[in-house]
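Below you'll find the structure, written out as structure tokens, and then a few comments.
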Amino acid sequence: NAGVTQTPKFQVLKTGQSMTLQCAQDMNHEYMSWYRQDPGMGLRLIHYSVGAGITDQGEVPNGYNVSRSTTEDFPLRLLSAAPSQTSVYFCASRVTGITEAFFGQGTRLTVV
Amino acid sequence: GQQVMQIPQYQHVQEGEDFTTYCNSSTTLSNIQWYKQRPGGHPVFLIQLVKSGEVKKQKRLTFQFGEAKKNSSLHITATQTTDVGTYFCAGLQAGGTSYGKLTFGQGTILTVHP
Numbered sequence: 099n100a101g102v103t104q105t106p107k108f109q110v111l112k113t114g115q116s117m118t119l120q121c122a123q124d125m126n127h128e129y130m131s132w133y134r135q136d137p138g139m140g141l142r143l144i145h146y147s148v149g150a151g152i153t154d155q156g157e158v159p160n161g162y163n164v165s166r167s168t169t170e171d172f173p174l175r176l177l178s179a180a181p182s183q184t185s186v187y188f189c190a191s192r193v194t195g196i197t198e199a200f201f202g203q204g205t206r207l208t209v210v
Numbered sequence: 005g006q007q008v009m010q011i012p013q014y015q016h017v018q019e020g021e022d023f024t025t026y027c028n029s030s031t032t033l034s035n036i037q038w039y040k041q042r043p044g045g046h047p048v049f050l051i052q053l054v055k056s057g058e059v060k061k062q063k064r065l066t067f068q069f070g071e072a073k074k075n076s077s078l079h080i081t082a083t084q085t086t087d088v089g090t091y092f093c094a095g096l097q098a099g100g101t102s103y104g105k106l107t108f109g110q111g112t113i114l115t116v117h118p
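Protein chains in written order, with the working numbering: chain V, 99 to 210; chain B, 5 to 118.
Put into structure tokens, the structure is as follows:
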């Protein structure tokens, strides 16, 4: 059971470039979310989805897009990378409701 | 929006000492969860508290949920070097339109000196 898989693990982008962070889960979880982790800031919610075709914004959505065409996949798109988006990104999934979240291994992104 | 504050941000202890981290929410929570993140790793679920005043134990770890369901604490007795990491609380807001959103505290980074 792979759980939540994120790719890539590391990425360096130049300012203005775009890219997609991939997230896939094989647990048939309805709820998926993206967080960014910065020192002293904890985990901040970027976007989330309660099921295929349904997405919503978290607390720091600017500069990011998401889509949820299948239950398994929830990619995060950076439209035009900025140095402020340098961070560690985590994808998480869970059964909808009051249940534990399962996190991917994270993607460490540096924007220069 | 909902805010979850966690203190302290850092804690250095000698092995064998106790450790406590506190979590406070600006709004009433329907539940609170605790996660541990080892250095270089990803957050891993520890426990969930749902009931007002609930206390749960996992070996040397004791978790409490406040009577008003707005605060929580994690206490580790006799820390070991394996306890090193960042401990996060995460709250799910009671009611409202924030369905399913988990709001994380800033985390407490625990260092244990042997």
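Idealized CB from N, CA, C, for every residue including glycine.
Anticipated Cβ contact below 8 Å, residue i with residue j, distance rounded
i	j	result
Pro181 (chain V)	Thr113 (chain V)	6 Å
Gln37 (chain B)	Glu198 (chain V)	7 Å
Ser76 (chain B)	Gln84 (chain B)	Not a contact, Cβ separation roughly 22 Å.
Residue interval of the beta strand (DSSP E) (run including residue i)
i	result
Ser77 (chain B)	Asn75 to Ile80
Thr25 (chain B)	Phe23 to Ser29
Met130 (chain V)	Tyr129 to Asp136
Gln62 (chain B)	Val59 to Gln62
Asp154 (chain V)	Ile152 to Gln155
Leu177 (chain V)	No beta strand (DSSP E) holds Leu177 (chain V); DSSP gives it neither H nor E.
Gln183 (chain V)	No beta strand (DSSP E) contains Gln183 (chain V), which DSSP labels as neither H nor E.
Val48 (chain B)	Val48 to Leu53
Met117 (chain V)	Met117 to Gln123
Arg142 (chain V)	Gly140 to Gly149
Ser34 (chain B)	Leu33 to Gln41
Gly1 (chain B)	The structure shown does not extend to residue 1 (chain B), since chain B is modelled only from 5 through 118, so no value can be given for it.
Val210 (chain V)	Here Val210 (chain V) belongs to no beta strand (DSSP E), and DSSP marks it neither H nor E.
Thr112 (chain B)	Thr112 to His117
Phe172 (chain V)	Careful: Phe172 (chain V) lies outside any beta strand (DSSP E) and carries neither H nor E.
Val8 (chain B)	Val8 to Ile11
Contact set for residue i: own chain, Cβ-Cβ below 6 Å, skip 5 residues either direction
i	result
Gln115 (chain V)	Ala179
Gly101 (chain V)	Phe200
Ser29 (chain B)	Val8, Lys74 and Gly95
Glu58 (chain B)	Phe69
Val164 (chain V)	His145, Thr153 and Leu174
Val54 (chain B)	Asn35
Tyr26 (chain B)	Ile11 and Ser77
Cβ-based neighbour list, residue i, same chain, cut-off 8 Å, excluding 5 preceding and 5 following
i	result
Ala94 (chain B)	Val8, Ile36, Gln37, Trp38, Tyr39, Leu106, Thr107, Phe108 and Gly109
Leu143 (chain V)	Ser131, Trp132, Tyr133, Gly156, Glu157 and Val158
Val88 (chain B)	Arg42, Pro43, Leu114, Thr115 and Val116
Ser167 (chain V)	Ala150 and Gly151
Ala72 (chain B)	Thr32 and Ser56
Val17 (chain B)	Phe23, Thr83, Leu114, Thr115, Val116 and His117
Proximity below 9 Å, CB of residue i to CB of residue j
i	j	result
Pro114 (chain B)	Thr90 (chain B)	The displayed chain sequence assigns Leu, not Pro, to residue 114 (chain B). Yes, the Cβ-Cβ distance between Leu114 (chain B) and Thr90 (chain B) is below 9 Å.
Met125 (chain V)	Ser185 (chain V)	no
Leu111 (chain V)	Phe188 (chain V)	no
His79 (chain B)	Glu19 (chain B)	no
Tyr129 (chain V)	Ser147 (chain V)	yes
Gln10 (chain B)	Gly111 (chain B)	yes
Pro173 (chain V)	Gln123 (chain V)	no
Phe23 (chain B)	Gln13 (chain B)	no
Thr205 (chain V)	Gln109 (chain V)	yes
Spatial neighbours of residue i in its chain, beta-carbon cut-off 7 Å, leaving aside the 5 residues before and after
i	result
Gln203 (chain V)	Gln104 and Lys107
Gln183 (chain V)	Gly161, Leu176, Leu207 and Val209
Gly104 (chain B)	none
Arg64 (chain B)	Ile80, Thr81 and Ala82
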